[in-house]
Structure formats: structure tokens, C-alpha cells
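The block underneath contains the structure these notes are about, expressed in C-alpha cells.
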Amino acid sequence: VSSGPAANRKLFAQLSADASARLEGWPPSRRRAFGELLEDARTSLQREMLGRSLAAGRSLPELHAFADEIRGLDDDALYEACTLSGRSGLEDSVVAQLRAEADPLYAYAANGNPLDPALEEVSSPSRHVPASLLVPPVPLAVVPPRSRPFEGVSAPSRVDRAAARDLGASADDGHASHRGGARSAEELINAAARTGGLKYREHHTRELAPVLAVARGALELGIPIPVALGLGPGDALRYALLLQARPAGSSWAFQLHDPVDDETVWVNEGDLLGGVELPLSNKRLRRITAVVLPDL
Amino acid sequence: MLSAPFAARELNGEMLLEEVATLRGRGVPQSALEYCAASLARSAGAGAAQVPDTVQQIASSGGRCPSPLAHLVAAWARKVRTDDDAVALADHFSRVARVAALLPALVQASERGGGRA
Numbered sequence: 039v040s041s042g043p044a045a046n047r048k049l050f051a052q053l054s055a056d057a058s059a060r061l062e063g064w065p066p067s068r069r070r071a072f073g074e075l076l077e078d079a080r081t082s083l084q085r086e087m088l089g090r091s092l093a094a095g096r097s098l099p100e101l102h103a104f105a106d107e108i109r110g111l112d113d114d115a116l117y118e119a120c121t122l123s124g125r126s127g128l129e130d131s132v133v134a135q136l137r138a139e140a141d142p143l144y145a146y147a148a149n150g151n152p153l154d155p156a157l158e159e160v161s162s163p164s165r166h167v168p169a170s171l172l173v174p175p176v177p178l179a180v181v182p183p184r185s186r187p188f189e190g191v192s193a194p195s196r197v198d199r200a201a202a203r204d205l206g207a208s209a210d211d212g213h214a215s216h217r218g219g220a221r222s223a224e225e226l227i228n229a230a231a232r233t234g235g236l237k238y239r240e241h242h243t244r245e246l247a248p249v250l251a252v253a254r255g256a257l258e259l260g261i262p263i264p265v266a267l268g269l270g271p272g273d274a275l276r277y278a279l280l281l282q283a284r285p286a287g288s289s290w291a292f293q294l295h296d297p298v299d300d301e302t303v304w305v306n307e308g309d310l311l312g313g314v315e316l317p318l319s320n321k322r323l324r325r326i327t328a329v330v331l332p333d334l
Numbered sequence: 002m003l004s005a006p007f008a009a010r011e012l013n014g015e016m017l018l019e020e021v022a023t024l025r026g027r028g029v030p031q032s033a034l035e036y037c038a039a040s041l042a043r044s045a046g047a048g049a050a051q052v053p054d055t056v057q058q059i060a061s062s063g064g065r066c067p068s069p070l071a072h073l074v075a076a077w078a079r080k081v082r083t084d085d086d087a088v089a090l091a092d093h094f095s096r097v098a099r100v101a102a103l104l105p106a107l108v109q110a111s112e113r114g115g116g117r118a
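Those protein sequences? They're chains E and R, same order as listed.
Taking this note's numbering as reference, the numbering of the first sequence is continuous, increasing by one, and the terminal residue is 334.
Taking this note's numbering as reference, the numbering of the second sequence is continuous, increasing by one, and the terminal residue is 118.
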């Protein structure tokens, strides 16, 4: 960063490469403002936290508010405030812990220290991931990081769509196909599962009990089970994934993930067998209409 | 006996989905997920004591295990207390690899196979 005042340059020189790179993209007025925040910081740890937050993609208003909040804290209190605590409810999430290490402001807010809500509008920014946590992109996942990658329920659908396009591009090259060029769901699933050594077969059935029993056994072995969803028998409007099965009273509950709408629900086995409508927000996806079971 | 983090209901549910989305968003390839899952599976039977060595081996495997994945494995490995935890750790990363492989195929199947719900 070469265009700031001399005092700022000295402080900027202590920033990480990621923070410096981000700062380089800012106009001089913002760089100066950030330099003032560093200058006003009382300890090296405060400057470190500001630098990490900058590298994590935080906006200047957020950084300003954060700097104001932490300026009065000693290093012990600051460290505690920026380490995920039990109050956050996220202490068991490894992903949240990794993000907290990279973005102290995230941990600070998650611990119940919200910044000025007025900042929300200006702070929706891209959440850049520091290069220290990144690797060069590779073909299957050449997609940008999700803009809000760790908040709420997982939202892989955008990423999955991009990856699906990649998969489709290679899948159509010279392979047997259905529907005038497109592969069937079973073929797509088997192509994806091939490297894991699994082969799946789609079972369309009006009688769910026996296939669900097999599915449950596979899930207990750690094998996820694709299912087709639709209005009724013969429909395959959507393909989703059974992630796991767990005892629920005298029965079982299945966790179902729809990667298109990015929705995850628990469904009781009795409800599935009884024909109760699935608790998904898309009401056309009422039933499991087919189960894609592995050949074990 | 499983320690609390490995007994959590959402370990192989919401947490797993979050991890898959994060790893894929950071460019971790499927081959790395499978390498990591296979490494953990091979050593799972040796119990909790073997986990640090396995994690070290994964971390030092260079390009075979990119740093976001190595960090994730190391973070989980630090939670391993019992031999059952070591098995659950291997199971978790095996599921991560399988789910990561299947989700894009399911999206594509939905879009192509009349998935216009």
C-alpha cells in the first residue's frame, strides 16, 4: 500500500498479505480512514483483529464500528470476545471456529455483541476468505465463495448448480444417454458415485416399506441415499438425498436434503409410510416416489 | 462411547452440509475429499491414539489435501477422545466425500429429468 501517509504506511506494513491486497483495492480516502483506525488502536492485538477483519472482507463501516467497540478492551478481554463461546451456540461447529479464527468480527458478533444494526445495510459485502484458507480453484468447483457462507442452514445449491454444469459438460461427452442426449438420473448418480466405489439402482415402487428398510441399513453404513420426489407414483420432479436415519421413539426419522431449494427436513418413517405430505416448502414435492439404492 | 461432538445429531446432517458447501466453495476437489476419507478409514481401526499421526500424514501430503480440508480434519481430530470417536471421524469424512459427490448430480438430475417442480 503505497499511497497512504507515512504513518499509515508503517502500520499497513504490519498487515497480512491478504489484508494488504484488500486495502489496495480501496480508494485513498478509505485507506486513510482505515489507517486512522489502526492508529487509534491501543494494542497490537487490536490492530491484528482489525487486519484480520479487513482480510475477511469486512466493510469500512463495520471495521469502524468494530474498532470503536474493542478500543476500550484490554487484550485478555478482546481475545475472549473474539473467541467463539458457549453463548454463540456455535462452539461445536468446526466451520464456525475456522471462520472465527479468520474473521474476529464474526466471533465478536456471534458471542452476542452485535454491532450497530444500522450497519447491516452497508455491511452485506462479499465475505472474502483469506488466502491462507484458500487453495487455487480446481475444475469441479470453480465457483466463487458463497456470499454468506456460514450463516444459518447450509446453502450449497448455488455451488451445486455450478458443479452440476461441470459434471453435465463432461457427462455428455460420448456416453450412452437417455432423453435425446441427457443422462438419466441413475446414470448421473452412478457417474458421481463411481470413484467412491458405489453403484446405485433406482427403485420405483408404491410400497415404500421394504426399500426404506434397505435405505436405513445403507444410511447406518454411512451411505447417503438419493430419492426422487414428486406428487405421486411415477413422478420424479426433484432428486434429493437422505443423509441419515436416527431412532425416533419406536420408529425412525430420516433426514432429507433438497439441494435445489437448499432445504433440509426430518421426516418420520411412519409419516413416509402413511403417505403424509413431506414437510418441504415446495408443495409439489409431496412424496418420495423412488429410492435409489446402492448395490451392497 | 462417543464424545459429545461426535454424538451430535447434526454431525452428519446440517454440519456436514455446511462443511461440504464450504469446502467446495474454497475449491477443494473431490479427489482430495476421497483421499482424506480413505486415509482416515484406513487408520480408524487403530483407535484414537493413531489419529494424530494420520492427520499429520494428511496435512503433509501436499497437494493431495488442500489446506481448507486439512484444517477441517485437524479441527475435528482435536475433538477425538475415544476409539469410537476415531471411527466416527472416519465415518464423517467418508460421508462428506460421498455427499459432495452426489449433490451436483442430484441437482443436474432434477434440472434434466423433469425437475421443474
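Every residue, glycine too, gets a C-beta built ideally from N, C-alpha and C.
All values reported here derive from a predicted model rather than from experimental measurement.
Contact set between residue i and chain R, taken where Cβ atoms lie within less than 7 Å
i      : result
E:I261 : R99
E:H295 : L18
E:A328 : Ordered by position in chain R, no residue passes the 7 Å Cβ test against E:A328, which lies about 11 Å from the chain.
E:P264 : L103 and L107
E:Q282 : N13 and G14
E:A71  : Within 7 Å Cβ-Cβ: nothing; E:A71 doesn't reach chain R, min ~30 Å.
E:T121 : Those do not exist, as E:T121 stays about 14 Å from chain R at its closest Cβ, beyond 7 Å.
Proximity of residue i and residue j at Cβ, strictly below 8 Å
i      : j      : result
R:Q109 : E:L226 : yes
R:D85  : R:M2   : yes
E:P262 : R:R10  : no
E:Y238 : E:P332 : yes
R:L34  : E:P264 : no
E:R125 : E:G150 : yes
E:V329 : E:L318 : no
E:S97  : E:D141 : no
E:A230 : R:L103 : yes
E:L122 : E:A145 : yes
E:T327 : E:A247 : no
E:A79  : E:A105 : yes
R:A71  : R:A89  : no
E:E307 : E:L259 : no
E:A57  : E:A93  : yes
R:S4   : E:Y277 : no
Backbone secondary structure at residue i - three-state DSSP
i      : result
E:E77  : helix
E:E25  : Not covered by the structure: residue 25 of chain E. The range shown for chain E is 39 to 334.
E:D296 : strand
R:G64  : helix
E:R60  : helix
E:R254 : helix
E:Q52  : coil
E:A278 : strand
E:E315 : coil
Contact list for residue i against chain E, beta-carbon separation under 7 Å
i     : result
R:D92 : G260
R:S95 : G260
R:R10 : R284
Residues near residue i by beta carbon distance below 6 Å, same chain, minus five either side
i      : result
E:A283 : R254, L257, W290 and F292
R:P6   : K80
E:R244 : P271
R:A38  : F94, S95 and A98
Cut-off 8 Å between Cβ atoms - residues of its own chain near residue i, not counting five sequence neighbours on either side
i      : result
R:S44  : Q51, V52, D54, T55, A87 and A91
E:L171 : Note that E:L171 scores a pLDDT of 31, beneath 50, so its modelled location is shaky and nothing firm can be said.
R:H93  : F7, L12, N13, L17 and W77
E:W64  : F72 and L98
R:G48  : D84 and A87
Chain-ordered chain E contacts of residue i [CB-CB under 9 Å]
i      : result
R:G122 : This structure cannot settle anything about residue 122 of chain R, because the visible part of chain R is limited to 2 through 118.
Chain R contact residues for residue i, given Cβ-Cβ distances below 8 Å
i      : result
E:T243 : Under the 8 Å cutoff, chain R gives no residues; its nearest Cβ is about 18 Å from E:T243.
E:T302 : G14, E15 and L18
E:A230 : A102, L103, P105 and A106
E:L279 : V100, L103, L104 and L107
CB-CB length for residue i against residue j, believed under 8 Å
i      : j      : result
E:L267 : E:L323 : 4 Å
Contact list for residue i against chain R, beta-carbon separation under 9 Å
i      : result
E:I227 : L103, A106, L107 and A110
E:L250 : Here the premise fails: no neighbours, minimum Cβ distance about 18 Å.
Own chain residues within Cβ distance below 7 Å of residue i, not counting five before or after
i     : result
R:L41 : T55, L90, A91 and F94
E:M87 : I108, L116, C120 and P142
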